[in-house]
Amino acid sequence: MPLQWSHVDWTSVGEEATRDLQQLLRIDSSNPPGNEVEAADFVAERLREDGLEPTILTSAPDRVNVITRIEGSEDLAPLLLSAHLDVVPAHEDNWRYPPFAGERKEGFLWGRGAIDMKNMVVMSMWMMKLIKRMGQPKRTVIFAAVADEEAGCHYGSHWLVDHHPDQIRAGYMISELGGFTLHLMGKRFYPIQVAEKGQVELLMRTRGTKGHGSMPKRRSSNTKLAEAIAKIGKTKLPRHMIPIQQHFLNEVSNHLPFPANKLFPLLGTPLGEQLMRILPDEQSEPLDANMRNTVAATVLEAGGKGERNVIPGESRAWLDARIIPGQQPEDVIRELRAVIGDEPELEILDAQLPVWIDDYQDDLFGLMCEAIRRHDPEGIPVPYLLPGFTDAKAYNRLGIRCYGFAPLQLPKDVSFSGLFHNVNERIPVDGFQWGLKTLADVVTSFAGAR
Ligand SMILES: [Zn+2]
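Here the numbering used here = 1-based position in the sequence shown + 16.
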């Protein structure tokens, strides 16, 4: 007999999924170097236990992707669930519990990948198991557990789009980075990602006359580079507001007390530029990142190793530029030129375009909002633009509508962004189990599995 939604035993499913996450956290899939084989085998094995037939696709030695499909009975645009198996490296020193031990302590599961994003690997895996138990859904559902997100998706989602597009072609995609609790002025918001910025990697090079350290050169390459970097660090590029950002500000402010409810929407207007100046950096920086193209100098290189008395002839800086939906790499370069002038050479090393859904308020988004409100009656779903980077960059190339919704309920004293790629990454067990049920509510409804 197919499983009925109302008969799902959420306590036992939640505990089983928690143990799965614990085991997955014990598998070190750090990237670099990147090796997803063991994690992929674990996921594939768990799917097979429910009679599912995962396909393992190898993109390079030790780099694998697992694709699982449940065919729907009707001609509806498929839903793709995607989660990356790799994690950023962790150095044990400052962790309260070792990063690859999967300890369950103090109400949390501790470990690298707990929120980024082995939780979603396990949740997506469970979506497939539950749908399979419920019988054939109306809509086709695909789960891609992918490699290499943390190093640019070359062996994961981008590779799948290039080499196996038919395995993952879908109308909709759900992945990171949204659905977590954002505590703000006593309210619980749940940002749902409907857009993300693009990324342009640039190499900036300056040249000057080489010489001896005893006779300084006024226009050395190092001086020029330092001047350019200081200007970049101190200058805000022009604003580019798109409707999604204003929706976010409006929705949030609807639920804030006076005077925040009046001031917050103004942040999106030209007056907001003045308001932003009175906010502390930790509040204005994320808002700024969401309203303009940004450029950060990340890696600097100049001078030969140990050549402490030689003035180098060339200096280099790697720039990490992020662009707002609708902007092109040339746009940020033009804005950057206005800051640094014409002399420093700029070279585009890589460019990944922004991703966004203009008309995001569709049935799937509606189901996400309803599920948040049903499972957290005080929860307030809000659309938002992610300044960062996800696998959506790849799937967007197939025209898939990409949402970030990996539901996770967090207590007030735990900040999502504070845990991200940080020491003591951890997930509250009850918040994870809450997320599992909330995601299942959305996915089984949208798939027509109940
Ligand atoms: Zn991630």
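We put the beta carbon where it would ideally sit given N, CA and C, even for glycine.
- Message: Using DSSP's beta-bridge definition, name the partner residues of A337.
- Response: In the sequence shown, counting from the first residue as 1, residue 337 sits at position 321. BP columns for A337 point to V216 and V311.
- So the beta strand (DSSP E) T225 belongs to, where does it begin and stop? Here residue 225 is taken as the residue at index 209 of the sequence shown, counted from 1. First-last for T225: undefined, no H or E at that position.
- ligand 1 site residues, beta-carbon cut 7 Å against heavy atoms: H100, D132, M133, E165, E166, E192, L193 and T406
- Query: What distance in whole Å lies between the Cβ atoms of E165 and D102, which are believed to be in contact at a cut-off of 8 Å?
  - Reply: For the purposes of this step, residue 102 is identified with residue 86 of the sequence shown, where counting begins at 1. For the purposes of this step, residue 165 is identified with residue 149 of the sequence shown, where counting begins at 1. Rounded, the Cβ-Cβ distance is 6 Å, consistent with contact.
- Message: Let's test the definition: count the other Cβ atoms within 10 Å of the Cβ of V326 and tell me whether it reaches 16, buried, or not, exposed.
- Response: Along the sequence shown, one-based indexing puts residue 326 at 310. V326 comes out exposed.
- Task: Since I believe G187 is in contact with I208 (beta carbons under 8 Å), could you give me their beta-carbon distance rounded to a whole number of angstroms?
- Result: For this step, residue 208 is matched to residue 192 along the sequence shown. For this step, residue 187 is matched to residue 171 along the sequence shown. 17 Å between Cβ atoms; not a contact.
- What are the boundary residues of the alpha helix (DSSP H) that includes N266? Position 250 of the sequence shown holds residue 266. Element bounds for N266: P259 to S269.
- Task: Let me know the secondary structure DSSP gives L426 once reduced to three states.
- Result: Indexing the sequence shown from 1 puts residue 426 at position 410. L426: coil per DSSP, three-state reduction.
- Counting along the chain, where does the alpha helix (DSSP H) carrying T454 start and finish? For the purposes of this step, residue 454 is identified with residue 438 of the sequence shown, where counting begins at 1. Taken as a continuous stretch (DSSP letters only), the alpha helix (DSSP H) holding T454 covers V445 to A463.
- Pick from A99, M150, G123 and D336 that is closest to V137, judged by C-alpha positions: Position 121 of the sequence shown, counted from the first residue, corresponds to residue 137. Checking every option, the nearest Cα to that of V137 belongs to A99.
- Item | Beta-bridge pairing of E361 - partner residues as DSSP gives them | Along the sequence shown, read from residue 1 onward, the residue named residue 361 stands at position 345. According to DSSP, which records beta bridges pairwise, E361 is partnered with R221.
- Query: What is the rounded straight-line gap between the Cα of L365 and the Cα of G168?
  - Reply: Walking along the sequence shown from the start, residue 365 turns up at place 349. Walking along the sequence shown from the start, residue 168 turns up at place 152. So the alpha carbons of these two residues sit roughly 13 Å apart.
- Message: Using only the alpha-carbon positions, how far apart do G434 and M17 sit?
- Response: Numbered from 1 along the sequence shown, position 418 holds the residue referred to as residue 434. Numbered from 1 along the sequence shown, position 1 holds the residue referred to as residue 17. Their backbone Cα atoms lie some 45 Å apart in a straight line.
- Distance between T84 and E359 (C-alpha atoms, nearest Å): Locating residue 359 in the sequence shown gives position 343, where the first residue counts as 1. Locating residue 84 in the sequence shown gives position 68, where the first residue counts as 1. Going from the Cα of E359 to the Cα of T84 covers about 52 Å.
- Just the C-alpha distance for S75 and N412, rounded to the nearest angstrom, thanks. Residue mapping note: residue 75 aligns to position 59 of the sequence shown, counting from 1. Residue mapping note: residue 412 aligns to position 396 of the sequence shown, counting from 1. Each residue's Cα considered, the two are about 20 Å apart.
- Which residues DSSP lists as bridging N81, in chain order: Counting from 1 along the sequence shown, the entry for residue 81 is found at position 65. Beta-bridge pairing links N81 to L73.
- Item | Exposure of G382, with buried meaning 16 or more beta-carbon neighbours within 10 Å | As a working note, residue 382 is residue 366 in the sequence shown. Classification of G382: exposed, given that the 10 Å Cβ count is below 16.
- From this set, N270, N440, R353 and V80, which residue's C-alpha is nearest L200's C-alpha? Counted from its first residue, the sequence shown places residue 200 at position 184. It is N270 whose Cα lies nearest to the Cα of L200.
- Query: How should N309 be labelled, buried or exposed, when 16 other C-beta atoms within 10 angstroms of its C-beta is the threshold for buried?
  - Reply: Reading the sequence shown from its first residue, position 293 is the one you call residue 309. Buried is the call here.
- Apart from the five residues on each side of it in sequence, which residues of its chain come closer than 6 Å, Cβ to Cβ, to G214? Counting from 1 along the sequence shown, the entry for residue 214 is found at position 198. The answer, listed in chain order, is I339, Q368, L369 and P370.
- Query: Among residues of its own chain, excluding the 5 on either side of N238, which ones have a beta-carbon nearer than 6 Å to its beta-carbon?
  - Reply: Translated into the one-based positions of the sequence shown, residue 238 becomes position 222. Only A318 and S331 meet the Cβ criterion.
- Message: Using C-beta distances below 6 Å, list every residue in its chain close to A387, excluding the 5 sequence neighbours before and after it, in chain order.
- Response: Position 371 of the sequence shown, counting from 1, holds the residue named residue 387. Cβ within range, chain order: T454, D457 and V458.
- Pull up the CB-CB distance for F448 and N135, whole angstroms please, since I reckon it's below 8 Å. Position 432 of the sequence shown, counting from 1, holds the residue named residue 448. Position 119 of the sequence shown, counting from 1, holds the residue named residue 135. F448 to N135, Cβ: 6 Å. Contact.
- DSSP on R466, reduced to helix/strand/coil? Taking the sequence shown and counting its residues from 1, one reaches residue 466 at position 450. The answer is coil: DSSP assigns R466 none of H, G, I, E or B.
- Message: Please return the same chain residues whose Cβ sits closer than 7 Å to the Cβ of E394, not counting the five positions on each side in sequence.
- Response: Residue 394 sits at position 378 when you count from the first residue of the sequence shown. Only R204 meet the Cβ criterion.
- Report all residues from its chain with a CB closer than 6 Å to the CB of F159; omit the five preceding and five following residues, and keep chain order. As a position in the sequence shown, residue 159 is number 143, starting the count at 1. So the qualifying residues of the chain are T84, L97, S140 and M144.
- Task: If I'm right that L295 touches G288 with Cβ under 8 Å, what's the distance once you round it to whole angstroms?
- Result: Translated into the one-based positions of the sequence shown, residue 295 becomes position 279. Translated into the one-based positions of the sequence shown, residue 288 becomes position 272. Contact doesn't hold; Cβ gap of about 10 Å is too wide.
- Task: Please state if the CB of L146 and the CB of V59 are separated by a distance shorter than 9 Å.
- Result: The residue you call residue 59 lines up with position 43 of the sequence shown. The residue you call residue 146 lines up with position 130 of the sequence shown. Not closer than 9 Å, so no.
- Message: According to DSSP, is R128 part of a helix, a strand, or is it coil?
- Response: Start at 1 with the first residue of the sequence shown, and residue 128 comes out as number 112. Of the three classes helix, strand and coil, the one that applies to R128 here is coil, per DSSP.
- Task: Quick one: residues in its chain with C-beta nearer than 6 Å to the C-beta of N51, no 5 flanking neighbours on either side, listed in chain order?
- Result: Within the sequence shown, the letter at position 35 stands for residue 51. Counting only Cβ-Cβ distances below 6 Å, and skipping sequence neighbours, we find D78.
- Task: For V82, I'd like the list of residues in its chain whose CB is within less than 6 Å of its CB, leaving aside the five on either flank, ordered along the chain.
- Result: Here residue 82 refers to the residue found at position 66 when the sequence shown is read from its first residue. For V82, where only same-chain residues beyond five positions count, the Cβ hits under 6 Å are A56, V59, A60, P70, I72 and A161.
- Item | Sequence ranges, beta strand (DSSP E) only - wholly within the stretch 120 to 178, length at least 3 | 124 to 126 and 157 to 162
- Item | 8 Å Cβ shell around D378 - same chain, five flanking residues per side excluded | Residue numbering aside, residue 378 sits at position 362 when the sequence shown is read from its first letter. So the qualifying residues of the chain are R417.
- Item | Option in R293, N266, V398 and V177 with minimal Cα separation from P423 | Here the question's residue 423 lines up with position 407 in the sequence shown. With distances taken between Cα atoms, P423 lies closest to V398.
- Message: In the DSSP output, what is W372 paired with across the bridge?
- Response: Translated into positions along the sequence shown, residue 372 becomes position 356. Answer by DSSP bridge pairing, in chain order: A211.
- Query: If we call anything under 9 Å between Cβ atoms a contact, is L41 one with R128?
  - Reply: Numbered from 1 along the sequence shown, position 25 holds the residue referred to as residue 41. Numbered from 1 along the sequence shown, position 112 holds the residue referred to as residue 128. Going by C-beta atoms, L41 is nearer than 9 Å to R128.
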